[in-house]
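Written below as C-alpha cells is the structure these notes are about.
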Amino acid sequence: INDVTCVADNCTNYELVFERVFSVPGDAAMLYSTLLSPDVFNFTAVPFNITWFSAKTGQEMRNETGRILVLQETLWFLNTTLDDDGEYLAIVRTPSQCYMQTAKLVMDQPVAGECGRPRKDSRNVGTNVVCRLSDYIHKLKTYGMDVSVSWYKVSSMKFNALSERIKCFYSDKHQLIILDHYMVKVEGSGAYTCTLTFTLDGATRSVSETMNATVTAEQHFLPPQIHEPENEIIKAAKGSNFTKRCLVFVPGAGKHFVDVIWLDKNKVMFDSEPSDRIYTSALRSRTQDEPKGEWLELLLNFSELRQEDFYLNYTCRVFNYQGNSERYFTLLPTDPNIILPIGLVFGGVTVLFVISVIVYYIFRIDIVLCFRRAFPVLYTNKDLDGKLYDAYVAYPSPGAFGFSEEVEKFALQTLPEVLEQACGYKLFIAGRDCLPGQAIVDSVDENLQASRRVLLLYTASTFIKKRHTSSTSTSMNRALLEGSLKVILVELEEITPAQLALFPESVRHLRKKQGAVCWYEERRGKDSQVSPSLSPSSRFWKEIRYHMPVRGKRAAYPE
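Per the working numbering, residue 5 is the first one in the sequence shown, and the count goes up by one each step.
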C-alpha cells in the first residue's frame, strides 16, 4: 500500500468511480476509469501512460493470460474469483501532470439453490426489459469484437431460454439491448437474466445481469399507427425552412414504451439542438380517451434547405415490443414558378405592343418614309403602271371663283420646287402643263386618268359658291364614287367650322375620313436659312410625301 501511495504522490485525486461493478466467480468483469476525458486533460494531444494498481496489495496490475487484461482505461477480469473483490487504482501520468481514480469491484457468492445473480436490479416495467450491460457492449465494439446476448427467465428454480429474439439498437451515442418478449401481463413478472458472450484475449467469456421485472398493470397495446408521413412526395423551396412531423397513434392503456426516430439513408438523426441546421424536436405526447390511446409527435426541422437535402427519403421509424413500422417522405425542390415569368413576358409584350402602337401613331409618317427609303426594292416600279404623273394639282384657275394669287403661287412655284426638284416627283399642274388650244374638260379628264394622285389645293373661299372647277368635280367624283383615284386635300389657310359647313358634302366627307394636310401650320415654323416650308424633311412635306405614291426601285428619296 505504501508503494501505491508513493506512486500516487502529487496526483490529482478524482476519488472513487460512482458506479460499482458487481460480479460472481467465473464471470467476466470490467473496471473503467473516466480519467481519459476532455474534462480532465487533452488526452488526444498530450502524451500519457496509464497504470492500474490493486489497492489491497499495492501491486501493479499486469496482463495474466485468461485472468487479467489491462487495456488503457479499462481493467478486465476475464475469470473472476472472490479474491478479486476490492478497490483498484488507475494512475494517469503526462509530462507535466498526474491524475488518479479508484474503481471498486464487488464479488458476490451465489446463493445455493437460487438461479440468476444474487444481486438483482428491481424495477417496474411495461412491455420492455432493458439489459444493463451497455457499457460492456460499447467498449467491446470499440475493440472490434463481436458480441451476442441471450435472455433467460428464472422460473421454478430453472433458467428457461426465451424463444423470442432480442433487438439491438446501436449508435455512436448510446447502445441498448432490449428484450422483445411476449406481451407482458401481470403474470409475466419475475427475474430476467441477460448474458453477454464475447471473445477477448483468445478466450470466450461471459457476463450476466439479472433484473426483477414487476408488471404493475395490464397492458393491452396494439401496434402503433403512423399517420404522418404517408410515403409521400413533398416539395419545398431551396433556402427556405421546413418542418415535417412524424405523427404516431398508440392504441391502448398504460405505459407503452414506444420509441420514435427519424432516419436519413438509414442513419439515425440524433441532433436535437436548434443551432444545428437539421435537428429533431423533443418527443411530444398527448392522451386520447376515444379511442383510448396516446398520440406521439416528433418533428424533423430544417432551418435552411440545401441542394443536398433534396431527392432523399426521410423515414420515421417506430419501435415497440411487437416490432418496427415505418413511413417516409421524399423531399423534392419546388417546380419553377412559370406563372411569374409568363406573366412578366406577357406583360412586357403587352407594354412593348402599346408603346410600339403609340410610337407608330406619333411617328408613323417618319417610320413609313424611312422604310421606303431603306427598302425601295420591296416596292414595285410605278413607272410600269402606264401613268404619266405622280400627282395632278387641282386649284381654282385664274378667273374662276375662289381664285387667289397665293394659291396660284403655291401651285406653280412652291409645289414644283419641293416635290419635283427636291423629291423627284412628276406633277401635272393645270395652267402650266395644259396644251395650247386643248379643251379644258378634255384636258382635265385625260390628265386625271394619267395621274396617280390628286393634290386638291383650297382655301376658305374656294367652295363658297356651288360652282367649282371641272377638275375638282371630276377628281372628287372618282375619289368618292369610283374609288379609282386618291385625293390629297391641302388646306392653304385655316378653315372655321362655319366655313367648313359651306363645303361640298363630298369634300367634307373626304376631309373627315382621311384628314387634310395643312399648309398654314407650316408657315408658323421657325425661321432658318432654308425656310422649313421648303425643306422636304419638314412635317408638312413629309405628310405630303407620305400620301404620295411610293417611288419603288426607281430612285431613293432625298432628304
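Heads up, the beta-carbon is just placed ideally off N, CA and C, and yes, glycines get one too.
Residues bridged to residue i [DSSP beta-bridge criterion]
{"i": "Tyr396", "result": "Phe432 and Val458"}
{"i": "Arg249", "result": "Leu303"}
{"i": "Trp545", "result": "Answer by DSSP bridge pairing: none, since Trp545 is not bridged."}
{"i": "Cys522", "result": "Glu495"}
{"i": "Gln292", "result": "Gly297"}
{"i": "Val211", "result": "Leu200"}
{"i": "Phe57", "result": "Glu64 and Leu93"}
{"i": "Glu77", "result": "Paired residue(s): none; Glu77 is not in a bridge."}
{"i": "Cys2", "result": "No answer is possible for residue 2: the residues shown for the chain start at 5 and end at 563."}
{"i": "Met34", "result": "Trp80"}
{"i": "Pro255", "result": "Gly297"}
{"i": "Gln229", "result": "Phe253"}
{"i": "Ser447", "result": "Answer is none; Ser447 lacks a bridge partner."}
Residue i classed as buried or exposed, judged by whether at least 16 other C-beta atoms fall within 10 angstroms
{"i": "Gln105", "result": "buried"}
{"i": "Ser646", "result": "What is shown of the chain runs 5 to 563, which leaves residue 646 out entirely."}
{"i": "Ile54", "result": "buried"}
{"i": "Met149", "result": "exposed"}
{"i": "Ile366", "result": "exposed"}
{"i": "Thr199", "result": "buried"}
{"i": "Pro402", "result": "exposed"}
{"i": "Cys522", "result": "buried"}
{"i": "Ile265", "result": "buried"}
{"i": "Pro501", "result": "exposed"}
{"i": "Asp88", "result": "buried"}
{"i": "Asn451", "result": "buried"}
{"i": "Arg457", "result": "buried"}
{"i": "Ala505", "result": "exposed"}
{"i": "His260", "result": "buried"}
{"i": "Asn324", "result": "buried"}
{"i": "Ser455", "result": "buried"}
{"i": "Asn305", "result": "buried"}
{"i": "Ala241", "result": "exposed"}
{"i": "Leu20", "result": "exposed"}
{"i": "Pro345", "result": "exposed"}
Separation of residue j from residue i, as counted between CA atoms
{"i": "Phe544", "j": "Val358", "result": "27 Å"}
{"i": "Cys135", "j": "Ser41", "result": "26 Å"}
{"i": "Gln179", "j": "Val110", "result": "Summary for Gln179: the model assigns pLDDT 34, below 50, so the residue's position carries little reliability; its value from the coordinates is reported in the next sentence. About 25 Å."}
{"i": "Ser330", "j": "Thr319", "result": "Correcting the residue type first, residue 330 is Glu in the shown sequence and not Ser. If I take the Cα positions, the gap works out to 7 Å."}
{"i": "Ile369", "j": "His551", "result": "9 Å"}
{"i": "Pro536", "j": "Tyr429", "result": "Annotation note: pLDDT 47 at Pro536 (below 50); position unreliable, coordinate value reported separately. Taking the straight line from one Cα to the other gives about 19 Å."}
{"i": "Ile230", "j": "Tyr315", "result": "22 Å"}
{"i": "Gly30", "j": "Ala217", "result": "25 Å"}
{"i": "Thr334", "j": "Ala107", "result": "50 Å"}
{"i": "Val349", "j": "Asp339", "result": "19 Å"}
{"i": "Ser167", "j": "Arg71", "result": "Only weak support exists for where Ser167 lies, its pLDDT of 40 falling under 50; the value from the coordinates is given anyway. Using only the alpha carbons, I get a separation of about 33 Å."}
{"i": "Val397", "j": "Leu431", "result": "7 Å"}
{"i": "Leu300", "j": "Thr16", "result": "47 Å"}
{"i": "Leu493", "j": "Ser542", "result": "18 Å"}
{"i": "Arg515", "j": "Phe507", "result": "10 Å"}
{"i": "Tyr156", "j": "Glu213", "result": "10 Å"}
{"i": "Phe274", "j": "Asp263", "result": "13 Å"}
{"i": "Leu336", "j": "Arg321", "result": "21 Å"}
{"i": "Arg249", "j": "Lys269", "result": "18 Å"}
{"i": "Glu294", "j": "Ser285", "result": "27 Å"}
{"i": "Phe22", "j": "Thr38", "result": "10 Å"}
{"i": "Thr69", "j": "Phe57", "result": "18 Å"}
{"i": "Pro51", "j": "Thr201", "result": "34 Å"}
{"i": "Thr291", "j": "Pro233", "result": "20 Å"}
{"i": "Val96", "j": "Arg121", "result": "34 Å"}
{"i": "Pro380", "j": "Glu421", "result": "23 Å"}
{"i": "Asn385", "j": "Ile499", "result": "37 Å"}
{"i": "Val394", "j": "Gln503", "result": "The amino acid occupying residue 394 in the given sequence is Asp; Val does not appear at that position. Cα to Cα, the separation comes out at about 30 Å."}
{"i": "Gly390", "j": "Leu461", "result": "25 Å"}
{"i": "Gln425", "j": "Thr418", "result": "10 Å"}
{"i": "Ile362", "j": "Asn341", "result": "32 Å"}
{"i": "Tyr147", "j": "Gln76", "result": "12 Å"}
{"i": "Val554", "j": "Leu439", "result": "28 Å"}
Option in the options with minimal Cα separation from residue i
{"i": "Leu79", "options": "Asp43, Ala33 and Phe253", "result": "Ala33"}
{"i": "Gln518", "options": "Pro501, Ala505, Ile548 and Gln76", "result": "Ile548"}
{"i": "Ser465", "options": "Asp437, His513 and Ser408", "result": "Ser408"}
{"i": "Ser100", "options": "Asn14, Thr354 and Val372", "result": "Asn14"}
{"i": "Pro227", "options": "Glu298, Trp56 and Glu234", "result": "Glu298"}
{"i": "Leu287", "options": "Leu251, Gln311, Leu86 and Lys271", "result": "Leu251"}
{"i": "Asp313", "options": "Gln292, Lys296 and Tyr283", "result": "Tyr283"}
{"i": "Thr48", "options": "Thr98, Gly435, Phe81 and Val74", "result": "Thr98"}
{"i": "Tyr140", "options": "Ala195, Glu91, Gly90 and Leu204", "result": "Leu204"}
{"i": "Leu302", "options": "Ser289, Gln113, Cys427 and Arg24", "result": "Ser289"}
{"i": "Pro114", "options": "Gly256, Leu356, Thr84 and Cys374", "result": "Thr84"}
Which complete alpha helix (DSSP H) runs does the stretch 312–385 hold, if anything under 4 residues is left out?
343–378
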